[in-house]
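Step one of this worksheet: look at the structure below.
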Amino acid sequence: MTASVAANARHHKVLRLGSIYEPLKLSILQREDEPLWEKLDRYYNAVKTTILNYQSPTTGLFPVRTCSTCKEAKVRDSLYCAAGAWALAMAYRRIDDDMGRTHELEHSAIKCMRGILYCYMRQADKVEQFKQDPSPSKCLHSVFHVDTGDEVHSYSDYHHLQIDAVSLFLLYLVEMICSGLQIIYNTDEVSFIQNLVFCVERAYRVPDYGMWERGSKYNNGTTELHSSSVGLAKAALEAINGFNLFGNQGCSWSVIFVDLDAHNRNRQTLCSLLPRESRSHNTDAALLPTISYPAFALDDDALFSQTLEKIVRKLRGKYGFKRFLRDGYRTPNEDKTRRYYKPAEMKLFDGIECEFPIFFIYMMIDGVFRGNTAQVKEFQELLEPIIFQSYEGHAVIPKYYYVPADFVEAEQNKHGSQKRFPSNSGRDGKIFLWGQALYNIAKLLVDELISPKDIDPINRYVPRQDQRNVSMRYSNQGPIENDVVVHVALIAESQRLQVFLNTYGIQTQTPQQVEPIQIWPQKELVKAYRFLAINKKLGLSGRPERPVGCIGTCKIYRILGKTVVCYPIVFDLSDFYLSQDVMLLIDDIKNALQFIKQCWKMQGRPLFLVLIREDNIKGSRFNPVLDMLASFKKGNVGGVKVHVDRLQTLISGAVVEQLDFLRVNESEIPEFKSFEELELPKHSKVKRQTSTPNASDLEQQPEICVEEWLHKPTPEIIQKFHDSDCLASQAQLAAILLRREGPDFLTKDENLMDELERIYRRAGSRKLWSVVRLAASLLTKLVDSLAPSITSVLVHGKQVTLGLFGHEEEVISNPLSPGVIQGIIYSKCSLYGGEREAVLQQELVIHIGWIISNNPELFSGMLKIRVGWIVQAMKQELKIRAGDMPSQDIYQLSPSDIKQLLLDVLQPQHTARSWLNRRQIDGSLNRTPVGFYDRVWQILERTPDGIVVAGTHLPQQPTLSDMTMYEMNFSLLVEDTLKNIVLPEYRQIIVELLMVVSIVLERNPELEFSDKVDLDSLVKEAFSDFQRDRSRFEGIEKQDDMESFYNTPPVGKRGTSSYLTKAVMIQLLQGDVKPSKDDPCSVS
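This is how it looks when you write it as structure tokens:
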């Protein structure tokens, strides 16, 4: 009795402490000598009162706002509430007599997770649509009715596409099941989760609206690729790969499959996007849950530190973190009646962004996981003054702190000078549940009532020193140098080829000799995977037809009792002519091995099948292939350790993937075609001399004059087409007929397109590359992997433009389908006589995609990859190499020579070159110096009327109001301003001029331009001055041609910079000079 009176007295004392405006002192809520049961009891009451009391009794979801009228439940908020209940359940597992609380808390979490699953499964049709077309109008909803699970908002009313929310659901699902909770009940639910995985796998190429549901920072309804979404998707895929959704009671058909090549693309994309959040968000607090708890998506310590430091430096405030800079959410200057912002409105929010205490909590949790007690203490002390207590005495976390309207002007004049007010203090019954849940998790960790392992049983966070010792199927093992040995099996396509290679000491096996193991092309594996997670009840079709990449083909598969190995996609026979160039194949093999070395994280060894075809060793192709096979034998290929052996021997050390899901629908399984051995007489001779060593330049040229034949009558052209033995002439004549008569035209009972196919194949075997390219273009051939290559460029923060140099280009800034890209290439390149360029640009896109993934530094300073301009740079390079001789025709080069030429052009410029040549190459590549875009921003700040060049105007407003200096969208806008410049060397002079203008303004802070800065007139003025000096000092007459100016070094006596500086100073001094208080010339 006495004890209860004392407890009541203590309770009333708590109630009396502090007013609604006074923050809560955390010390009153805990005592150091408090027994474990009482501590947990206090937490239980807090969780029950501030979180679980708001859980819907029907769906288990949690409302966004805790007032009776709010019927909206967001997936993300509900997930954190479930995690809060689950974390406390983990603490209760430590005591014996828990009075049923462990069960209650665990099942509150289960009820919420199953509530979300229920809402999601009712939208299975949207999952199916999203797999085929991942667009904002075909995705799962992110908000549901809290009591019924019904849809609340249409796609036009709400931005539902939030990949981070679906990924967070998958991540917490795995964490909770791993801790012993049973959430998934039957095969329908397993197949649905597998289909969610198919959607999340493509996160690296799906721009979404992100955690703040607004997409672009400008809040104009556009989506962006967000690091936070890609990172959470990567973490979810790592967690769920190979995971059994039935937990310990599961069997083979409740296991989830993840495409490890897709996971790797997400990993590469995340690393290339960070430390940015997106194109418009230079940094964002949404990255904290991605790089720290709960996702721990980064395995690069340096990149983690760089990203975290940037978030803290730019967004941390006294009351929490800003979500991002110029965030108008809930500020007094935000117009609540409008959904979207107007142009230039962003400037209104500068410095008055709301601050969110929840990010202090994330930093506390991060500190606990990383064992950084100083960080935990720092953020706990920052949090204490800004949280409140409810009437029951529980801590209440305000959602945000805002600057009231009366204080806005003073705050914008001096950031951090004004007091901010909380969005809620708990006294109105309104509680920010996401913040409450996270706060309880943080306090449980700090009080050591749970350990990090309790709420991270799958080891998302592994301290660096332990990384080698953790047996993981989650491939987030750190950047420790991978010293993997790749197992290689050499397979010859015929016994005849095997006997022939044996004479050179190369031991191979044929498909028949490896039986009963079957060898499949990867497309057969794709066919098998189509049956994964098919569910007719839910209308789900299974895995989309995506190719299996390099990592996937390095595993062994058990399929319907058969043992299957696959050869990598590089050995697929393609209809596109790149596969005709054996040097490119050798290059691709070396690149594939490098990729496997970097990305292989599994326990077994990767198994790499090298498929040798008779066609690979014809003519001049034999020696390079033999050299490569010899390097395999020596055990080292391009720095990758390899071990060659019989396939039967290598199988024991490989990773085995069981495709047991095929047994479920065995009656519907198609016939799988394994790789067939060529049935040829064993001792017949391998025909090696069917291809010439190298086609002469003469053979590549048509014997006819194309212009003469353009207007001749069709019958005469047909006659000449059949009489000519020259493939180059035939291709040109076919091009004239195709344009004139169309693709269905018949020549002597032969369809014109069939004739072109014949020319294409014959020219390929004779290595007449110019003819091959013309025929391929007329047949509108499309190279494999074009769309993924463009995506690789985009995710490195670049844009791609396709089109001929000097003509209109198409800008690609978001991933597109292969069909759309094909349409762009052929419509932009085939005009103006650029047929061969349509396929050459496809080659270059493939090479650029590979180079940017492996050597991104070669593209530094290039924000827009203008493929037509890169072709121009390559032509220029050939011209420079030729000197006074005629230069090589770029279209006659083999694909491997094209790749090498591209690599040579991308290398930093040789100092031995003339300045004209250097400017031509750098201008063609659109390369800019370090800090260039920041300097253009600084110029714009001092130029009220903006900048003009080549007829394009870059205005000061709304540019400066909408954007910030370091965001990528501003850099892209600058590139857009320069796009109409025609000459590469002139573009480079403009870039140099902008650097000069910036330096002049920096050194003369009192000056600013009074009028538009016309860059063309400044160059014109500088050139006139240059000519006057040449005339005076060297006696050279004035010329209109600027070549001598382009060939002058920028620095030094009479360098281009001195003339540009003079022109800039003259224009500046015509404007107003701002008085300065330190001006020594001032009179008063």
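Residue numbers (full-length UniProt numbering): 1 to 1084. Glycine included, C-beta positions come from ideal geometry on N, C-alpha and C. All values derive from a computational prediction rather than experimental measurement.
Distance from the CA atom of I1036 to the CA atom of G638, rounded to whole angstroms, is 55 Å. Annotation: the continuous alpha helix (DSSP H) that includes Y362 extends over I358 to F369.
Here N424 has V396, P398, K399, K430, I431 and F432 as same chain residues with Cβ atoms under 8 Å from its own Cβ, once five neighbours each way along the sequence are excluded.
Per the coordinates, the alpha-carbon of F745 lies some 31 Å from the alpha-carbon of E810. By the C-beta criterion, the stretch 121 to 138 is judged not to be in contact with the stretch 66 to 73, since fewer than 3 inter-stretch pairs fall below 8 Å.
T563 sits in a strand when the DSSP states are folded into three classes. Fewer than three Cβ pairs drawn from the stretch 825 to 832 and the stretch 765 to 772 lie within less than 8 Å of each other, which leaves the two stretches out of contact. Here Q1070 is exposed. Its C-beta has fewer than 16 other C-beta atoms within 10 Å. With 16 or more other Cβ atoms inside 10 Å of its own Cβ, W869 counts as buried.
Note that the stretch 279 to 295 does not touch the stretch 860 to 876; fewer than 3 beta-carbon pairs, one per stretch, sit closer than 8 Å. In the DSSP assignment, F721 falls outside any beta strand (DSSP E) and within the unbroken alpha helix (DSSP H) covering T714 to D723. Between the alpha carbons of L994 and K798 lies a distance of about 21 Å.
P895 sits in a helix when the DSSP states are folded into three classes. Here M346 carries a helix assignment [DSSP, helix/strand/coil]. In the displayed model, R543 falls within coil according to three-state DSSP, outside both helix and strand. Here E448 carries a coil assignment [DSSP, helix/strand/coil]. When Cβ pairs closer than 8 Å are counted between the two stretches, the stretch 771 to 785 is seen to touch the stretch 811 to 830, the count reaching three or more. In the DSSP annotation of this structure, the continuous segment of the alpha helix (DSSP H) that includes R267 starts and ends at L260 to L273. Nearest in C-alpha terms to Y557, of all of F531, E657 and W520, is E657. For Y118, the three-state secondary structure derived from DSSP is helix.
In this structure L858 is not in contact with E877, their Cβ atoms being roughly 15 Å apart against a cut-off of 8 Å.
With contacts defined as CB atoms closer than 8 Å, A728 and L778 fail to qualify as a contacting pair.
R866: member of the beta strand (DSSP E) spanning K864 to R866, first to last residue. For I759, no beta strand (DSSP E) encloses it; the enclosing alpha helix (DSSP H) starts and ends at L752 to S765. E708 counts as exposed, since fewer than 16 other beta carbons sit within 10 angstroms of its beta carbon. Between S254 and L245 the beta-carbon gap is near 5 Å, inside 8 Å, which marks them as a contact.
Counting of Cβ neighbours within 10 angstroms places G100 among the exposed residues, the total staying below 16. Setting aside the 5 residues that flank it on each side, Q580 is surrounded in the same chain by G764, each with a C-beta closer than 7 Å to its C-beta; the list follows chain order. DSSP places E175 in the helix class (H, G or I) of the three-state scheme.
Buried is the label assigned to T269, since at least 16 other Cβ atoms lie within 10 Å of its Cβ. D1029 and I989 have their C-alpha atoms spaced approximately 19 Å apart.
Among the bridge pairs identified by DSSP, Y1059 is matched with none. Residue pairing by DSSP places T747 opposite E750 in a beta bridge.
The beta-carbon distance between D164 and S228, rounded to whole angstroms, is 6 Å. This is short enough to meet the 8 Å contact definition. Taking one beta carbon from each stretch, the stretch 954 to 973 and the stretch 883 to 903 have fewer than 3 pairs nearer than 8 Å; the two do not touch. The three-state reading of DSSP puts H107 in helix, counting H, G and I together.
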